[in-house]
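Chemist: Here's a structure for you.
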Amino acid sequence: MFGLPGHGMQLHLDALSILFACILLPQTVAAALAGMRGSIAFWVFVLGMALTLAAGDGFTLIFGFELMSAASWLLVMQGDVKPATFYAGVAIFSGACLIPAIFLPASSLAFVLVALGAGAKAGLAPLHSWLPRAHPAPPAGVSALMSGGMVKIALYVLIRYGFVVLAPAQQPWWGTVLMVAGAASVLVGALRAVLEVDLKTALACSTVEHVGLIAVGLGVALRAKALGDATLTGLGLEAALLCAVAHGLFKPLLFIGAGEVKHATGTLSLNWLGGLMRGMPRLGALMLLGAAGMAALPLGPGFAPEFLLLHAVIQAAAGGGILARIGFSALLAVLGLGAALALAAAVRIIGIGFLGRPRSLHAAAAEDARRGPFIAMALLGALCVPVALLPGLLLGVMTPVIRLLAPDADTPPLTYAPLSLLLLALLAALAAGFIQTRFGVRGLREVPAWHGGFGRPPAWLPFGDPHTQPSGAGFAEPVARVLGRGLLGAQGQDPSEHFLLGPLLRGQRRAVRLAERVRRATIRERLAFVFAALVLFLLALGLGQGG
Amino acid sequence: MLGFTLAFIATCLHVALCFAVAPLLIGTTNKLRAWLLGRRGPPLLLPYWHLAKLLRKSTVLPDTATDLFTFWPLGAMLAMAVSVMLIPGYSTGLLTGPAADAITIVGLFALARAATMLGGLETGAGFGGAGAAREALFGIFAEGALLVLLLAFALLARTTNIDGIANDFRAAHLGISVSLGFALAAMLAVALTEAGRIPTDNPSGHLELAMVHEAMALDYSGRLLALLDYAGALRLLAWMNLIGTIFLPFGMARAGDVLSWPLGLVLWALKLAVMAVALCLFEVSRAKMRVFRVPEFLGAALLLGMLASVFLFVAARIGA
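If you read the sequences in order, they're chains U and B.
For the first sequence, counting from 1, position 411 maps to 393 in our numbering; every step adds exactly one.
Numbering-wise, our numbering comes out as the position in the second sequence, counting from 1, plus 231.
In structure tokens, the structure reads:
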């Protein structure tokens, strides 16, 4: 009924689409539970994503992709109009790149177009600056699905075309392009995640970082596949796919939690939150789990992918030409900086938002998450546990996907064993507990905090003066001073806006002014223009004939 | 079976010795530092008495803290304890060896750092928050530098496992190489920062504006402070073990060979003593830096780490 004439709509499921459908399913359920059940646009959005995954031909893929873009544009517009327009522009750009790419034969041009189209949709640098604006705008459930699901669909298109459809024409430099874009995303995303004061914007910036990590993994694998390095291909793919799975669980969790924070306190600014762990202990515990994933801490869901990715880069640096090796060591430095920045961002969200003293009466009076969103978060949190503790098992399940993407890839066993680390920690905890009960005294006595010698606050400030504890902006100040002003410019502006969108905007203004000038031209100017053009044309013709 | 039993005994010995010796290491450095400054210094065993005293004192909970206040010191201590168990000390081939991947250890250090930072932010005090913010800043550069450094070792030893690196460096006579020199300088800079020693932080300063680690522990008391202090001692030992294993692997025992244990133990004690003396000499001859000089210090470490790898690439290229 739909589809190209005489061709119809083809649906086809293989291991790759099933894996991404498995990534999509829990967050869809969670977003529906978090209050999006009744929205038609939401279900059209989900349908678009599902159609993209199940597509068996290029037309169906594009149809689903554009359905997803259009529905998400409607959902963003429900939140805020200004980012929605920007978002629509980026969606049109990505469609304009993808549609020709789908119908081109396998070639480098097709890959560049796919990378531009899918990369813009996934939020890869330098086309990422729409993401921290558009993702926080809609309600929390949609933000969760956009950050956890929609960027994965864009990456799915990238993987499908880069590894499968365009495989006959593959070149090593395709991987290099992805790695460079990924490294830039990691650095800018992680840095902005530390600096942004709005909780949802910080989470969206962290999404840019994770998309960067996935792209680096894919880039390593794509380059190694073209060069015929079986182990490295396997490592890179394992890292990228596991990162996609883990990010698809903890990021929706964090976004739904941020929505509940907004519901309970009326604000998302870290400068007005604080002490939420007291009023919202269940939400706080789940947010802590999500933040551990976001910071890629050991025993959390985000560590195994980071571990595999670092191993892949170290292994890639061990061979090849000297420039490539130096490039890989620089990539390693960027990944290290990015990991530590992500840690700082996660600590800031928990430490400033959920610990300490409340910075406003709304934060002090916050009540715990509502039932639906809490169940949604608990579901995602429960699914994080196997990802965190049994990553080896999960990689085993993913082997068919890796076989599909790179038939001769090796998948070496994972040398990170979270269960044995947990066992060692348990032994140490038992020893500490024994020493405490044998030699120590029990009990805790609650006393007024010392607070560095500040006097008792006046009666109208029941939680003390908020200015005597660091704010979200204050916590980020050292990082902003050392790294932010160097990398992002004095106003903390995103380099993509500064170097890409700014010049584009100026060029457009200039073109508009020129068009306006032409429109207002007098009849004499127009005649003169036609005459001059005629003379020039005849001159060129004459010179060409005479020569 | 015999091999497994021996490895098990060696691992237990390693864990027990490390946990027992960690406070002594702090006592030794304090004593040596006092001697170098011309003072008599505190007794060597003072850190033990200090921990015992803290355990017997009652623990107070600030009224602005949340329920997780007691959780962070335990988390920091456990992360450091696991990393001490993983990093080889007097012997290689321990049962924990296969899990001792360098990246796991970097992750455990980051976990301990995160728990300490959250503990500092817990009561909403100005000092704690400032300390945590500075720790976040230092951590960014330290982690980047450490990963780049690991690359140099991984390239030389063809493994990222600390146990494997120790085995490889002990067997192959690498001699004095420019790369390793750079890597050593960079590693020392990272270690001094991570362990909170003098050019970046003052371990004996209890109330100054530029303190970092102490600022985050300011609101802790009793058994929770004991946990944090013990975690600090373990952190110093973990870094000394790491440097000792990578740069001074000679004479390390093999877990499967009982006869090599005594020499390994003696040499381990000697290495720790030498590193403590070097640390004290460095600390008394340096002044503490301003907070915003530290990123430059660590940035230099990152560049040295990069140079170490680049020299290895060049050497591989010209076949040296």
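Heads up, the beta-carbon is just placed ideally off N, CA and C, and yes, glycines get one too.
(1) What are the residues of the region 426 to 454 of chain B that lie near chain U, defined by any Cβ-Cβ distance shorter than 7 Å?
(2) Can you list, in chain order, the residues of its chain with a C-beta nearer than 7 Å to that of residue 90 of chain U? Leave out the 5 residues immediately preceding and following it.
(3) Return the Cβ separation of residue 317 of chain U and residue 299 of chain U in integer angstroms, given the expectation that the two are a contact with Cβ distance under 8 Å.
(4) If you reduce the DSSP assignment to three classes, tell me which class residue 327 of chain B lands in.
(5) To test your reading of the DSSP string, which unbroken alpha helix (DSSP H) runs of 4 or more residues are found completely within the region 267 to 327 of chain B?
(6) How big is the Cα-Cα spacing for residue -17 of chain U and residue 40 of chain U?
(7) Taking the C-alpha atoms as reference points, what is the distance between residue 229 of chain B and residue 228 of chain U?
(8) So, for residue 260 of chain B: in the same chain, excluding its five sequence neighbours on each side, which residues have a beta-carbon less than 7 Å away from its beta-carbon?
(9) Alpha helix (DSSP H) containing residue 507 of chain U: first to last residue?
(10) Applying a beta-carbon distance threshold of less than 9 Å, which residues of chain U neighbour residue 541 of chain B?
(11) Hey, is residue 379 of chain B's beta-carbon within less than 7 Å of any beta-carbon in chain U?
(12) Should the region 329 to 347 of chain B be called in touch with the region 284 to 297 of chain U, which here means at least 3 C-beta pairs below 8 Å?
(13) Could you run through the region 448 to 461 of chain U and flag, in chain order, every residue whose CB is less than 8 Å away from some CB of chain B?
(14) Quick check on the burial criterion: 16 or more other C-beta atoms within 10 angstroms. Buried or exposed for residue 457 of chain U?
(15) Do the region 123 to 140 of chain U and the region 209 to 221 of chain U meet, that is, are 3 or more Cβ pairs less than 8 Å apart?
(16) Within the same chain, show all residues whose beta-carbon is closer than 7 Å to that of residue 381 of chain U, passing over the 5 residues directly before and after it, in chain order.
(17) Going by CA-CA distance only, name the one from B:256, B:271 and B:297 that's closest to residue 279 of chain B.
(18) Measuring only the C-alpha atoms, how far is residue 190 of chain U from residue 110 of chain U?
(19) Are any of the Cβ atoms in chain U nearer than 7 Å to that of residue 314 of chain B?
(20) Between which two residues does the alpha helix (DSSP H) carrying residue 425 of chain B extend?
(21) Check the Cβ-Cβ distances between residue 430 of chain U and every residue of chain B, and say whether any is below 7 Å.
(22) Could you tell me the distance, in whole angstroms, from the CA atom of residue 530 of chain U to the CA atom of residue 158 of chain U?
(23) May I have the straight-line CA-CA distance separating residue 2 of chain U from residue 97 of chain U, to the nearest angstrom?
(24) Kindly indicate which residue of U:231, U:402 and U:196 has the alpha-carbon position closest to the one of residue 217 of chain U.
(25) Between the region 484 to 509 of chain B and chain U, which residues of the former have CB atoms less than 9 Å from a CB of the latter, in chain order?
(26) Taking Cβ-Cβ distances shorter than 9 Å, what residues in chain U pair up with residue 466 of chain B?
(27) Output needed for residue 35 of chain U: all residues of its chain with C-beta closer than 6 Å, excluding positions within five of it in sequence on either side, in chain order.
(28) Going by the beta-carbon positions, is the gap between residue 361 of chain B and residue 348 of chain B smaller than 7 Å?
(29) Under a Cβ-count criterion, where at least 16 other Cβ atoms within 10 Å of its own Cβ denotes burial, should residue 182 of chain U be classed as buried or exposed?
(30) Residue 358 of chain U to residue 325 of chain B, Cα distance in whole Å?
(31) Grab me the residues of residue 361 of chain U's own chain with a C-beta within less than 8 Å of its C-beta, minus the 5 sequence neighbours each way, in chain order.
(32) Should residue 139 of chain U go down as buried or exposed, given a rule of 16 or more other Cβ atoms within 10 Å for buried?
(33) Assess, as a yes-or-no matter, whether the region 231 to 241 of chain U is touched by the region 116 to 131 of chain U under the definition of 3 or more beta carbon pairs within less than 8 Å.
(34) Using a beta-carbon distance cut-off of less than 8 Å, what residues from the region 398 to 414 of chain U approach chain B?
(35) Go through its chain and collect everything with a Cβ distance to residue 237 of chain B's Cβ below 7 Å, but skip five positions before and after it.
Modeler: Quick look at the numbers:
(1) Within the region 426 to 454 of chain B, the qualifying residues are 450 and 454.
(2) Taking the first residue of the first sequence as 1, we reach residue 90 of chain U at position 108. Only 151 and 153 meet the Cβ criterion.
(3) Position 335 of the first sequence, counted from the start, is the residue given in the question as residue 317 of chain U. Position 317 of the first sequence, counted from the start, is the residue given in the question as residue 299 of chain U. Contact flag wrong, Cβ pair sits at about 12 Å.
(4) Here residue 327 of chain B corresponds to residue number 96 of the second sequence, with the count starting at 1. Reduced to three states, the DSSP call for residue 327 of chain B is coil.
(5) Listed in chain order, they are 277 to 287 and 302 to 317.
(6) Locating residue -17 of chain U in the first sequence gives position 1, counting from the first residue. Locating residue 40 of chain U in the first sequence gives position 58, counting from the first residue. Bear in mind that a pLDDT of 49 at residue -17 of chain U, under 50, signals an unreliable position, so the model cannot answer this.
(7) This structure does not reach residue 229 of chain B, given that chain B is present from 232 up to 551, and the question cannot be answered.
(8) As a first step, residue 260 of chain B must be located in the second sequence, where it is residue number 29. Hits under 7 Å: 507, 510 and 511.
(9) Here the question's residue 507 of chain U lines up with position 525 in the first sequence. According to the DSSP assignment, residue 507 of chain U belongs to the alpha helix (DSSP H) that extends over 505 to 528.
(10) As a first step, residue 541 of chain B is located in the second sequence; it is residue number 310 there, counting from the start. One finds 304, 307, 308 and 311 in chain U with Cβ atoms closer than 9 Å to the Cβ of residue 541 of chain B, taken in chain order.
(11) Residue 379 of chain B sits at position 148 when you count from the first residue of the second sequence. With its beta carbon less than 7 Å from one in chain U, residue 379 of chain B belongs to the interface.
(12) Cβ pair count under 8 Å is three or more, so yes.
(13) Cβ contacts with chain B: 450, 451, 452, 456, 457, 458, 459, 460 and 461.
(14) Start at 1 with the first residue of the first sequence, and residue 457 of chain U comes out as number 475. By the neighbour-count rule (16 or more Cβ atoms within 10 Å), residue 457 of chain U is buried.
(15) Output reads no: the region 209 to 221 of chain U does not touch the region 123 to 140 of chain U.
(16) One-based indexing of the first sequence puts residue 381 of chain U at position 399. The residues are 393.
(17) Working through the second sequence from its first residue, we reach residue 279 of chain B at position 48. Distances from the alpha-carbon of residue 279 of chain B to those of B:256, B:271 and B:297 put B:256 closest.
(18) Looking up residue 190 of chain U in the first sequence gives position 208. Looking up residue 110 of chain U in the first sequence gives position 128. The alpha-carbon atoms of residue 190 of chain U and residue 110 of chain U are separated by roughly 7 Å.
(19) Here residue 314 of chain B is taken as the residue at index 83 of the second sequence, counted from 1. For residue 314 of chain B, the answer is no, since every Cβ of chain U falls outside 7 Å of its Cβ.
(20) By 1-based counting over the second sequence, the position of residue 425 of chain B is 194. 409 to 425 is the extent of the alpha helix (DSSP H) around residue 425 of chain B.
(21) Counting from one through the first sequence, the residue named residue 430 of chain U turns up at place 448. At a cut-off of 7 Å, the C-beta of residue 430 of chain U has a neighbouring C-beta in chain B.
(22) Residue 530 of chain U lies beyond the range of chain U shown here (-17 to 529); nothing can be said about it.
(23) Start at 1 with the first residue of the first sequence, and residue 2 of chain U comes out as number 20. Start at 1 with the first residue of the first sequence, and residue 97 of chain U comes out as number 115. It is roughly 19 Å from the alpha-carbon of residue 2 of chain U to the alpha-carbon of residue 97 of chain U.
(24) Counted from its first residue, the first sequence places residue 217 of chain U at position 235. Residue U:196 is the option with its Cα nearest to residue 217 of chain U.
(25) Taking 9 Å as the Cβ-Cβ cut-off against chain U, none of the residues of the region 484 to 509 of chain B qualify.
(26) For the purposes of this step, residue 466 of chain B is identified with residue 235 of the second sequence, where counting begins at 1. Ordered by position in chain U, no residue passes the 9 Å Cβ test against residue 466 of chain B, which lies about 14 Å from the chain.
(27) Taking the first residue of the first sequence as position 1, residue 35 of chain U is located at position 53. The beta carbon of residue 35 of chain U sits closer than 6 Å to the beta carbons of -1, 2 and 3 from its chain, once the five residues preceding and following it are set aside; these are given in chain order.
(28) Locating residue 361 of chain B in the second sequence gives position 130, where the first residue counts as 1. Locating residue 348 of chain B in the second sequence gives position 117, where the first residue counts as 1. Cβ distance not < 7 Å, so residue 361 of chain B and residue 348 of chain B don't count as in contact.
(29) Here residue 182 of chain U refers to the residue found at position 200 of the first sequence. Buried is the call here.
(30) Your numbering for residue 358 of chain U matches position 376 in the first sequence. Your numbering for residue 325 of chain B matches position 94 in the second sequence. Taking the straight line from one Cα to the other gives about 43 Å.
(31) Your numbering for residue 361 of chain U matches position 379 in the first sequence. So the list reads 8, 11, 12 and 15, once near-sequence residues are dropped.
(32) Along the first sequence, read from residue 1 onward, the residue named residue 139 of chain U stands at position 157. It is buried - the Cβ of residue 139 of chain U has at least 16 other Cβ atoms within 10 Å.
(33) Judged by Cβ distances under 8 Å, the region 116 to 131 of chain U makes contact with the region 231 to 241 of chain U, as three or more pairs qualify.
(34) With the criterion set as a beta carbon lying under 8 Å from some beta carbon of chain B, the members of the region 398 to 414 of chain U are 398, 399, 402, 403, 406, 407, 410, 411, 413 and 414, in sequence order.
(35) Taking the second sequence and counting its residues from 1, the one referred to as residue 237 of chain B is at position 6. Here the set comprises 486, 487 and 489.
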